[in-house]
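*Asks:* To start, I am sharing the structure in question, which I have written as C-alpha cells.
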Amino acid sequence: MSAKTLYDKLWESHLVHTDADGTALIYIDRHMVHEVTSPQAYEGLKLAGRKVWRIDSVVATADHNTPTRDWDQGLDGMRDQVSRLQVETLDQNIKAHGAKAYYPFLDARQGIVHVIGPELGASLPGMTLVCGDSHTSTHGALGCLAFGIGTTEVEHVLATQCLIAKKTKAMLVRVEGETGPGVTAKDIVLAVIGKISSAGGAGYSIEYAGAAIRALSMEGRMTVCNMSIEAGARAGMVAVDDKTIEYVRGRPFAPKGAQWDQAVAYWRTLRSDPGAQFDRVVDMDAAAIQPQVTWGTNPQMVAPIDGRVPDPAEERDPIKREWMQRALKYMGLEPNTPISGIAVDKVFIGSCTNSRIEDLRAAAAIARGRKVAPNVKLAMVVPGSGQVKRQAQEEGLDRIFTQAGFEWREPGCSMCLGMNEDQIAAGERCASTSNRNFEGRQGAGGRTHLVSPIMAAAAAVTGHFVDVRTLA
Amino acid sequence: MDKFQSREGLVAPLDRANVDTDAIIPKQFLKAIGRSGFGPNLFDEWRYLDHGEPGMDNAKRPLNPDFVLNQPRYRGAQVLVARENFGCGSSREHAPWALQDYGFTTVIAPSFADIFFNNCFKNGLLAIVLDAATVDKLIKETQANPGYRLAIDLEHQTITTPGRDEIRFEIDPFRKHCLLNGLDEIGLSLEHADKIRAFEAKHRQAQPWLFG
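In order, the protein sequences belong to chains A and B.
Heads up, the first sequence is in our numbering, so the first residue is 1 and it goes up one at a time.
Heads up, the second sequence is in our numbering, so the first residue is 1001 and it goes up one at a time.
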C-alpha cells in the first residue's frame, strides 16, 4: 500500500461515493452551527419539507452578534434589534430541528464556535467537521479534516449529512528548528502567510509539521490552523501525537472507558506515512521568525517588528504596486516607516485565533504591573468562551488586566469582525490578535494590525508597536 | 436554483486584486435572516460616501462618484471582471447573494478564493477563471470601450468579445451540469440516501464514539 498523507487518510475514511470525474460525496461527523450563516439554511430545509439527517452531529452556539457587556440585562442588553432577531432565530431553529448541544447567548458555556468545539471535545481527531465559518480550519489542530462552508452547504449537511466536494491538493508546511523567545504560534502562521501569500494555499489542504509545530501546545496549533484560510487553503491540520491525546482526554464529549482506548488506538494512526507525497512542500526556519505585525489590508502584508513599512515604488508588478499603494493610503502609513513606534488607538485581545487561556495568560504576563498607555482609548480582552473566562478569573488574570486598565468582557467574536458594538472608528488604529486586516473589517475606516497576544499587550502598555522582547 | 441563461451582458471592470468578502458585503448586512435584498449594499463602503447600516434607504445615500460601478456607463452590468484572488476571506454566502441581487450573472477573474467560488455555483452565479493576461486585456478593453459587452455561452464554454474574439473557458463538468439545469444539489445527494445510510452504519461500527 502506498504511503498516505494525513489528508488522504481523513478524506478516504469519509468517502460515501465518488463520481467518475472525482466529484465525491463525503460524510460529515460534526456540524458546528452559529447564528449568522444558518438562518437561511434552516429556512431552506423548512421550505423543502426536509429534516435534519443526524441531530446528534449538530453543536450550536450564538457568538458573532452577541454583545460583550451588560449580560446582567439578559436579552434586553442586546440593543441591536436586527442582531437580536438573528440570535432568537437560532434559538427557534434549534428548538424546532434539534441539536446534540446548544449554548445560546448568556449560557455559561457559550463562546466562539471554534473555541468551544475543542474545549468540549466536540471536535475530535479523525473527524470531518464543518461550520458556516471560514475559520473552521482551527479544529484541524486536533488531526481532523475541518473546513468552512457557505450557507447552501450548511443546508446540504443538515439535510444529507454529506457534502459534495473534490479532493484538494496536499501541501506540507514544515517549520523546523526552535522559535526564539517572544515568538508565538501567531507569528509562525503570519510568517507562513507572508511567505506563500494569501492565495498561496488556494486549492490545497495544508498539513503543518516540523519541530516548531510539534513544540507548540494544542492551543498554539489551533492558532496556526485557524489562519490557514488566510493563506487561501481549504483546511489546515496537524498530525495526532501525545499532546493531542492528552488534550482530548476527559473533555465532556470525548469518548470514555473502552471506547476511549479504541479511539486512541485509531487516532494514533492519524499522521502522514513516511514517504507520503505532497503536491507542494514549504520549508520555514523557526529561528528566523521574528514577532510579526501586519502593515496593510491583507494578512500577507506583514513584516517583522524590526522591519519597516515597504515602499510600493520598489514593487515591480504594477497590479501589486497599486494594491500596496491603496493599502498604505487606507492604513495612513508612509513607506519606510519603522513598524516599531507606530502608535495605536485601540487594542483587541480575543477572536477564534487568540482568545484561549494560554493566550490570556501570556498577554497578562506582559500587562502585569503595567498600565495601558494614555494614548490608547480602549484596550479590551474578550475571552473565547465562558469556560475560558471562568478559568482566567480563577487564575486572577481578569484582575491583572483590569488593574492595568484593560476592559474585561464577556465571550464572543466581538471586535474581530465588529458585528456587535465592539468596533474601531474610522481612522483609528488597532493592535488586534484577530485574523483579518481587511478594509473596514473591525469597523468602517478602521485600521487593523494583526499581532500575537503578547505583542498586543505590549502595544497597549507602551501605546505603540514595540518588540515585546524588550519589555521582558 | 434558477437555470443559468447564456446571454450577452454589459461588462464592468473592477481593477483590483484580492477583493475580499468584507468589501463585497460588509458585516452589518449579515444580520439579515433572508437571502435577498443584499444588492443595494454590494461593495457598500466603496460605493457610498456615508456609512451604511441595515434598514437605511439606500436610494437617498450619497454615492461615491469615483467607484467604478457608480459610473453611468456601467449601469446594468451583468458581467464583473476583476483581478486575482477575488472573494478571499470569509465563508459568507451573502457575497454571491449580493452580486447576484445587484444583477451580476457572471464574475471573471484569474483566480478565486475557494469558499467564495463554491458559494457562487451553489447559487447559479457563474465564476470563470481566465489567465491573467486575458483578464488584463478584458479589463483594458472594457475601460476603453463604453458599452463593452461579452457573450457568455456556458454550454459551449466560450466568451465572445465585441471584436468577435472567442475565449474558451474551463468549468467542472458537474458544476456546469448543475448550472445549466438549475439543479438542487440536496436532491441529487439524497438520491444516494441508501449509500449514506450504509456508510453511516459502517462508520458507527468503526468509530462508535462519533455517534450519540
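All residues carry an ideal CB built from backbone N, CA and C; glycine is no exception.
Quick caveat: nothing in here was measured; it's all calculated off a predicted structure.
Below 8 Å, can you find three or more Cβ-Cβ pairs linking the stretch 183 to 195 of chain A to the stretch 301 to 310 of chain A?
*Replies:* Touching, yes.
*Asks:* Taking the Cβ atom as the reference point for each residue, do P1208 (chain B) and Q259 (chain A) lie within a distance shorter than 8 Å?
*Replies:* Taking 8 Å as the Cβ cut-off, P1208 (chain B) and Q259 (chain A) qualify as a contacting pair.
*Asks:* Whose CA, out of B:F1004, B:K1027, B:D1002, lies closest to the CA of R436 (chain A)?
*Replies:* Among B:F1004, B:K1027, B:D1002, the Cα nearest to that of R436 (chain A) belongs to B:K1027.
*Asks:* Can you list the alpha helix (DSSP H) stretches of 4 or more residues lying completely in the stretch 1110 to 1144 of chain B, in chain order?
*Replies:* Qualifying alpha helix (DSSP H) stretches, in chain order: 1114 to 1122, 1132 to 1144.
*Asks:* Applying a beta-carbon distance threshold of less than 8 Å, which residues of chain A neighbour N1085 (chain B)?
*Replies:* Chain A residues near N1085 (chain B): S198, A199, A202, G232.
*Asks:* In or out: P1173 (chain B) buried (at least 16 other Cβ within 10 Å) or exposed?
*Replies:* The residue in question, P1173 (chain B), is exposed, as its Cβ has fewer than 16 Cβ neighbours within 10 Å.
*Asks:* Report yes if the CB atom of H14 (chain A) is closer than 8 Å to the CB atom of T128 (chain A), and no otherwise.
*Replies:* For H14 (chain A) and T128 (chain A), yes; Cβs fall inside 8 Å.
*Asks:* Please name the residue in A:A211, A:G250, A:D261 whose C-alpha comes closest to that of A239 (chain A).
*Replies:* Looking at the Cα atoms, A:A211 is the closest of the given residues.
*Asks:* Within 8 Å of any Cβ in chain B, is that where the Cβ of M324 (chain A) sits?
*Replies:* No, M324 (chain A) lies away from the interface with chain B (no Cβ there is under 8 Å from its Cβ).
*Asks:* Would you mind working out which of A:G341, A:Y330, A:V293 sits nearest R183 (chain A), comparing C-alpha positions?
*Replies:* Looking at the sequence provided, one finds Val at residue 183 (chain A) rather than Arg. Of the listed residues, the one whose Cα sits closest to V183 (chain A) is A:V293.
*Asks:* Spell out whether any CB of chain B is found under 8 Å from the CB atom of V192 (chain A).
*Replies:* It does not; no Cβ of chain B falls within 8 Å.
*Asks:* Rounding to the nearest angstrom, what Cα-Cα distance links W408 (chain A) and V451 (chain A) in this structure?
*Replies:* Each residue's alpha carbon lies about 19 Å from the other.
*Asks:* Quick check on F147 (chain A): does DSSP put it in helix, strand or coil?
*Replies:* DSSP places F147 (chain A) in strand when its eight states are reduced to three.
*Asks:* Write down the C-beta distance between K1031 (chain B) and S83 (chain A) rounded to the nearest angstrom, noting that I regard them as a contact closer than 8 Å.
*Replies:* Confirmed, about 5 Å.
*Asks:* Determine the extent of the beta strand (DSSP E) in which T61 (chain A) is found, giving its start and end residues.
*Replies:* T61 (chain A) -> beta strand (DSSP E) spans 58 to 61.
*Asks:* Got a sec, what are the start and stop residues for the alpha helix (DSSP H) Q423 (chain A) sits in?
*Replies:* That residue, Q423 (chain A), is in no alpha helix (DSSP H); it is neither H nor E in DSSP.
*Asks:* Can you give me the C-alpha to C-alpha distance between M419 (chain A) and A327 (chain A), rounded to a whole angstrom?
*Replies:* The alpha-carbon atoms of M419 (chain A) and A327 (chain A) are separated by roughly 23 Å.
*Asks:* Please look up how many angstroms separate the CB atoms of R308 (chain A) and T269 (chain A), rounded, as I've assumed it's under 8 Å.
*Replies:* So it is not a contact: roughly 47 Å between Cβ atoms.
*Asks:* Could you tell me whether the stretch 92 to 111 of chain A touches the stretch 42 to 61 of chain A, where touching means 3 or more Cβ pairs closer than 8 Å?
*Replies:* Taking 8 Å as the limit for Cβ pairs, the verdict is that the stretch 42 to 61 of chain A does touch the stretch 92 to 111 of chain A.
*Asks:* From the DSSP secondary-structure annotation, give me the bridge partner or partners of G236 (chain A).
*Replies:* G236 (chain A) pairs with A:I206.
*Asks:* Suppose contacts are defined by Cβ-Cβ distances below 8 Å. Is V173 (chain A) in contact with G384 (chain A) by that definition?
*Replies:* No; because the gap between Cβ atoms is not below 8 Å, this pair is not in contact.
*Asks:* Would you call S1036 (chain B) buried or exposed, if buried means 16 or more other Cβ atoms sit within 10 Å of its Cβ?
*Replies:* The residue is exposed, with fewer than 16 neighbouring Cβ atoms inside 10 Å.
*Asks:* Check each candidate in B:G1076, B:P1013, B:A1017 and name the one with the smallest Cα separation from Q325 (chain A).
*Replies:* When only C-alpha atoms are compared, the closest one is B:A1017.
*Asks:* Give the range of the alpha helix (DSSP H) segment to which Y1102 (chain B) is assigned.
*Replies:* Element bounds for Y1102 (chain B): 1094 to 1102.
*Asks:* What are the boundary residues of the beta strand (DSSP E) that includes H31 (chain A)?
*Replies:* From DSSP, the beta strand (DSSP E) with H31 (chain A) extends over 30 to 33.
*Asks:* For D187 (chain A), does the three-state DSSP call read helix, strand or coil?
*Replies:* If DSSP states are grouped into helix, strand and coil, D187 (chain A) belongs with the helices.
*Asks:* Hey, how far is the Cα of I339 (chain A) from the Cα of D467 (chain A)?
*Replies:* Cα to Cα, I339 (chain A) sits roughly 10 Å from D467 (chain A).
*Asks:* Would you please verify whether the beta carbon of L270 (chain A) is less than 8 Å from any beta carbon of chain B?
*Replies:* No, because no Cβ of chain B sits closer than 8 Å to the Cβ of L270 (chain A).
*Asks:* Could you tell me the boundaries of the beta strand (DSSP E) in which V302 (chain A) lies?
*Replies:* Its beta strand (DSSP E) spans residues 302 to 304.
*Asks:* Taking buried to mean at least 16 other C-beta atoms within 10 Å of its own C-beta, is K4 (chain A) buried or exposed?
*Replies:* So K4 (chain A) ends up on the buried side.
*Asks:* Sorted by chain position, which residues of the same chain lie with C-beta nearer than 6 Å to A1151 (chain B)'s C-beta, five sequence neighbours on each side aside?
*Replies:* Around A1151 (chain B): E1008, T1160.
*Asks:* Identify every run of the alpha helix (DSSP H) within the stretch 294 to 350 of chain A, keeping only runs that are complete inside it and at least 4 residues long; order them along the chain.
*Replies:* The qualifying runs are 318 to 331.
*Asks:* Give me the subset of the stretch 426 to 439 of chain A whose CB atoms are less than 9 Å from a CB atom of chain B, sorted by chain position.
*Replies:* Residues A426, R436, F438, E439.
*Asks:* Rounded to whole angstroms, what is the Cα-Cα separation between M1001 (chain B) and G1187 (chain B)?
*Replies:* Computed Cα separation, rounded: 12 Å.
*Asks:* Which same chain residues, not among the five before or five after E35 (chain A), have their C-beta less than 8 Å away from its C-beta?
*Replies:* The answer, listed in chain order, is A62, D63, H64, N65, Q86, V87, T89, L90.
*Asks:* 8 Å is my cut-off, CB to CB: does N1118 (chain B) come that close to chain A?
*Replies:* Cβ-Cβ to chain A under 8 Å: yes for N1118 (chain B).
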